[in-house]
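Undergrad: Residue numbers (the numbering used here): 3 to 408. No residue lacks a Cβ here, since even glycine has one placed at the ideal position from N, Cα and C. Only a predicted model underlies this, so the values are computations on that prediction, with no experimental measurement involved. Mind looking over this structure? Questions follow.
So this is what it looks like as structure tokens:
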């Protein structure tokens, strides 16, 4: 088994969060990066031969992998970054399928029987071994992980038409009229962008696609072509996946945080009293880099100056010195000064909120300093003149800026 993670995504819809980093390296839930979730799924599943294909602004991603995801080479286990090396000439990857094709030597060198090709930037929990067992039992050339969604929502995804046994009959990218699931006219099967291939079938199809006029995309070209050729192509229903400690509403949870509004909504869901996605499941831990910060600290407790946080995630190394935090996520090393207020916001590492500053409905990148009395999220017109504001009104403050009062 060889596991390949496509981590070269540019993530333009997440700007300015992706101005200096690839999408899979974007922080999430305070102490994690987006790529930590798929890596945790593989490691928790016991699948420890992993290649991470990088391309766009990959320095912070490579640093994160080398410091937090080093696995000893004992028993041929590894998590290795594979940079875009332009093996086939002076050109970058021209699609998700081309990323694998340009690195076919990675597959042939390892000589696996099966290859997983997974996306790097979705939030979910999955025991990949169960999907692999499904794939092997059916002797499939390819198995695509999918989940049921309302038919109207399915227009934003690759949608799979299957028979009652889960065999793929068609794969349609973002259709205006998504085909319904068998026996369920109100829902459709949306692709999660996660695939398991027979290695021989993958190499054959990538070689065929490389020689054709194509967008070199897994969904549009590789999967669609394999279905049309009539080979054994199946769908794995993600809702059937059983993860230790995952019950109730969390079963089947999967989110693509590809826009600022989607990222913000998924983040705010985490600070609810009983979030759908559970970060505290010891039977399926989300792993990441361990940082050497001091304990979180809350100081001052007088009537005019009290440091506290409610309905919030507060990571290690934060100091809340007389400021008030509600429904927010504070990443490691954040400083909150007296008489300031942070509501419904996500603050990345090392953000400093000065005295009397106010931050509301914002995503604030690393190292931002709010000077005394500065405000964000209270004047839409003023915010748009300075920063990116999403369609939903979320303000995104780019890395390292100083926000002055007024």
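Where does the unbroken alpha helix (DSSP H) through residue 110 begin, and where does it stop?
TA: If you number the chain shown from 1, residue 110 lands on position 108. Per DSSP, the continuous alpha helix (DSSP H) segment holding residue 110 begins and ends at 106 to 112.
Undergrad: Counting pairs of beta carbons, one from the stretch 143 to 155 and one from the stretch 237 to 251, are three or more of them closer than 8 angstroms?
TA: yes
Undergrad: Which word fits residue 360, buried or exposed, when buried means at least 16 other C-beta atoms lie within 10 angstroms of its C-beta?
TA: The sequence position of residue 360 within the chain shown is 358, counting from 1. Answer is buried; the Cβ neighbour count reaches 16.
Undergrad: So, helix, strand or coil for residue 42, using DSSP?
TA: Against the chain shown, residue 42 aligns to sequence position 40. Helix at residue 42.
Undergrad: Quick check for students: name the residue ranges of the beta strand (DSSP E) that lie wholly in the stretch 181 to 247, counting only runs of 3 or more.
TA: 189 to 200 and 235 to 239
Undergrad: Excluding the 5 residues flanking residue 119 on each side, which residues of the same chain have their C-beta closer than 6 angstroms to its C-beta?
TA: Sequence index remark: in the chain shown, residue 119 carries index 117 (1-based). Non-local beta-carbon contacts of residue 119 in its own chain, meaning distances under 6 angstroms to residues more than five positions away in sequence, involve 6 and 197 in chain order.
Undergrad: If we count the other Cβ atoms within 10 Å of its Cβ and call it buried at 16 or more, is residue 380 buried or exposed?
TA: Position 378 of the chain shown, counted from the start, is the residue given in the question as residue 380. So residue 380 ends up on the exposed side.
Undergrad: Any beta carbon from chain E within less than 8 angstroms of residue 322's own beta carbon?
TA: Of the protein chains in this structure there is only one, and it is not chain E.
Undergrad: In terms of residue numbering, what span does the beta strand (DSSP E) encompassing residue 7 cover?
TA: Here residue 7 is taken as the residue at index 5 of the chain shown, counted from 1. Residues 4 to 8.
Undergrad: Let's test the definition: count the other Cβ atoms within 10 Å of the Cβ of residue 133 and tell me whether it reaches 16, buried, or not, exposed.
TA: As a first step, residue 133 must be located in the chain shown, where it is residue number 131. Burial call: buried.
Undergrad: Could you name the residues of the same chain whose beta carbon sits closer than 6 angstroms to that of residue 353, not counting the 5 residues immediately before and after it, in chain order?
TA: On the chain shown, position 351 is the one that residue 353 refers to. Once the five neighbours on either side are set aside, the close Cβ partners of residue 353 are 336, 366 and 370.
Undergrad: Going by DSSP in three states, residue 34 sits in which element: helix, strand or coil?
TA: Stepping through the chain shown from its first residue, residue 34 is reached at position 32. Residue 34 falls in the strand class under three-state DSSP.
Undergrad: Does the separation of the CB atoms of residue 33 and residue 334 fall below 8 angstroms?
TA: The sequence position of residue 33 within the chain shown is 31, counting from 1. The sequence position of residue 334 within the chain shown is 332, counting from 1. In this structure, residue 334 lies closer than 8 angstroms to residue 33 by Cβ.
Undergrad: Please state whether DSSP places residue 303 in a helix, a strand or coil.
TA: Within the chain shown, the letter at position 301 stands for residue 303. Three-state DSSP puts residue 303 in a strand.
Undergrad: Express the C-alpha separation of residue 312 and residue 268 in angstroms, rounding to a whole number.
TA: On the chain shown, residue 268 is found 266 positions in, with the first residue counted as 1. On the chain shown, residue 312 is found 310 positions in, with the first residue counted as 1. Computed Cα separation, rounded: 18 angstroms.
Undergrad: Only counting the same chain, and skipping five residues up and downstream in sequence, which positions put a Cβ closer than 6 angstroms to that of residue 301?
TA: As a working note, residue 301 is residue 299 in the chain shown. Same-chain partners within the cutoff: 309 and 323.
Undergrad: For residue 288, which three-state DSSP category applies?
TA: Numbered from its first residue, the chain shown carries residue 288 at position 286. Looking at residue 288 - three-state DSSP - the assignment turns out to be coil, as it is neither helix nor strand.
Undergrad: Return the residue from the list 11, 49 and 228 that minimises the CA-CA distance to residue 202.
TA: Walking along the chain shown from the start, residue 202 turns up at place 200. The option with the nearest alpha carbon to residue 202 is 228.
Undergrad: Can you tell me which residues form a DSSP beta bridge with residue 47?
TA: As a working mapping, residue 47 is identified with position 45 in the chain shown. Paired residue(s): none; residue 47 is not in a bridge.
Undergrad: For residue 349, does the count of other Cβ atoms within 10 angstroms reach 16, so buried, or fall short, so exposed?
TA: In the chain shown, residue 349 corresponds to position 347, counting from 1. By the 10 Å Cβ count, residue 349 comes out buried.
Undergrad: Can you say whether residue 103 is buried or exposed, counting buried as having 16 or more other CB atoms within 10 angstroms of its CB?
TA: Taking the chain shown and counting its residues from 1, one reaches residue 103 at position 101. With 16 or more Cβ atoms within 10 Å of its Cβ, residue 103 is classed as buried.
Undergrad: Are there 16 or more other CB atoms within 10 angstroms of the CB of residue 284, so buried, or fewer, so exposed?
TA: Position 282 of the chain shown, counted from the start, is the residue given in the question as residue 284. Exposed, because fewer than 16 other Cβ atoms sit within 10 Å of the Cβ of residue 284.
Undergrad: Within 10 Å of its beta-carbon, does residue 35 have 16 or more other beta-carbons around it, so buried, or fewer, so exposed?
TA: For the purposes of this step, residue 35 is identified with residue 33 of the chain shown, where counting begins at 1. Buried, because 16 or more other Cβ atoms sit within 10 Å of the Cβ of residue 35.
Undergrad: From 85, 234 and 54, pick the residue whose C-alpha is nearest to that of residue 164; which is it?
TA: As a working mapping, residue 164 is identified with position 162 in the chain shown. Of the listed residues, the one whose Cα sits closest to residue 164 is 234.
Undergrad: Please look up how many angstroms separate the CB atoms of residue 260 and residue 16, rounded, as I've assumed it's under 8 angstroms.
TA: By one-based count along the chain shown, residue 260 stands at place 258. By one-based count along the chain shown, residue 16 stands at place 14. So it is a contact: roughly 7 angstroms between Cβ atoms.
Undergrad: Where do the ends of the beta strand (DSSP E) carrying residue 170 lie?
TA: Numbered from its first residue, the chain shown carries residue 170 at position 168. Run containing residue 170: 170 to 175, per the beta strand (DSSP E) assignment.
Undergrad: With H, G and I counted as helix, E and B as strand and the rest as coil, what does DSSP make of residue 376?
TA: Translated into the one-based positions of the chain shown, residue 376 becomes position 374. Of the three classes helix, strand and coil, the one that applies to residue 376 here is coil, per DSSP.
Undergrad: Is the stretch 246 to 256 touching the stretch 204 to 220, taking contact as three or more C-beta pairs under 8 angstroms?
TA: no
Undergrad: Taking the DSSP output, what are the residues bridged to residue 53?
TA: Here the question's residue 53 lines up with position 51 in the chain shown. Residue 53 is bridged to 6 and 82.
Undergrad: Which runs of the beta strand (DSSP E) fall wholly inside the stretch 350 to 398 and span at least 3 residues, in chain order?
TA: Counting whole runs of 3 or more residues, the stretch 350 to 398 contains the beta strand (DSSP E) stretches 360 to 362 and 364 to 366.
Undergrad: May I ask you to report which of helix, strand or coil DSSP gives residue 102?
TA: Along the chain shown, read from residue 1 onward, the residue named residue 102 stands at position 100. Looking at residue 102 - three-state DSSP - the assignment turns out to be helix.
Undergrad: Leaving out the 5 sequence neighbours to the left and right, which residues in its chain are closer than 7 angstroms to residue 278 when beta-carbon positions are compared?
TA: Stepping through the chain shown from its first residue, residue 278 is reached at position 276. Closer than 7 angstroms at Cβ, skipping near neighbours: 251, 252, 255 and 271.
Undergrad: Where does residue 160 sit, in a helix, a strand or coil, going by DSSP?
TA: Taking the first residue of the chain shown as 1, we reach residue 160 at position 158. In this structure, residue 160 counts as strand in the three-state DSSP scheme.
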